[in-house]
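Take a look at the structure below.
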């Protein structure tokens, strides 16, 4: 897809999403959001939960869309699949995106289908040249169909492929360069993958194409141990954001400044006030990062040219 300057702005959500914390919208919160209109920067929904012709789900989503910026997150396009994209599924997701015109549409760097079998999971890919060509071809197909760029999310992984010839960061940087898509930076996924594979989370984070991040995801994980007693983290979106993930988030903000940030919770969903507390913490960190940028700009503006 040939990208204009406006396409790039669309891919990164520039001007469409506030530099604030957002929240994944769950059906059990529809009434509360409608009745109280909480102070949330934006809401996000999973595309596959709304692929219906009509009914209450779409009515509720339309009501929320009227009051808040919206992002739509795909979990089933299987961008990394060896087979071609499922044409009917792509058609349905595209219709949903065109109907609600979200600020951002995103999907995962993963695969979840093979031939006629669909797996209820986001499975890892080998980072090599054949995968690169396949992923870029599928992203181009999606972007051309939707008439907009997407944000590509870094996955959570539990193993690495012997066939990989690139690191994840280098691979995603190449995908972004070739397709013009943006990055959906899942900070929890960076941490989970690094710990599971014995890597340094900060080093893994900094290798990703951070300047192309149009949105950030934060979530919680579950902790277990494998048969050898080695710590294993499971990206289950079922707990509060861990302190180590918040620290990694701070590293991102220090490097690239504020980016619209979503708090995800898909299991063990607590009271809405608990979720709002995490949104508030993200808001405070984003505001501090924004003030830091403003202060830096002011210092540069006041510094004599000869000193520069």
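In this note's numbering, the protein residues as written are 1196 to 1503. A virtual CB, placed ideally from N, CA and C, is assigned to each residue, including glycine. Predicted, not measured: the structure shown is a model, and the values here were computed from it.
When only Cα atoms are considered, residue 1331 and residue 1231 end up about 42 Å apart.
Nearest C-alpha to residue 1246 among 1272, 1291 and 1270: 1291.
In this structure, the straight-line span from the alpha carbon of residue 1374 to that of residue 1359 is close to 20 Å. Secondary structure remark: continuous alpha helix (DSSP H) runs of at least 4 residues inside the stretch 1435 to 1467, in chain order: 1438 to 1451.
Comparing alpha carbon positions, the residue from 1467, 1299, 1261 and 1215 closest to residue 1241 is 1299. Shortest Cα-Cα distance from residue 1234 to any of 1383, 1213, 1428 and 1410 involves 1213.
Annotated as distal: residue 1325 and residue 1371, with beta-carbon spacing of 8 Å or more. In this structure, residue 1477 sits near residue 1458, with a CB-CB distance shorter than 8 Å.
Under the three-state reduction of DSSP, residue 1474 is assigned to helix. Counting along the chain, residue 1302 sits inside the beta strand (DSSP E) bounded by residues 1299 to 1303. By the Cβ neighbour-count rule, residue 1217 is buried, with 16 or more other Cβ atoms within 10 Å of its own. DSSP lists 1346 as the bridge partner or partners of residue 1377.
Here residue 1320 is actually not in contact with residue 1349; their C-beta atoms are around 11 Å apart, not less than 8 Å. Residue 1463 sits exposed, since fewer than 16 C-beta atoms from the chains shown fall within 10 Å of its C-beta. DSSP places residue 1414 in the coil class of the three-state scheme, outside both helix and strand. Residue 1390: member of the alpha helix (DSSP H) spanning 1382 to 1391, first to last residue.
Per DSSP, residue 1274 is not a residue of any alpha helix (DSSP H), being assigned neither H nor E. Shown here, residue 1405 sits in a helix according to DSSP, grouped into three states.
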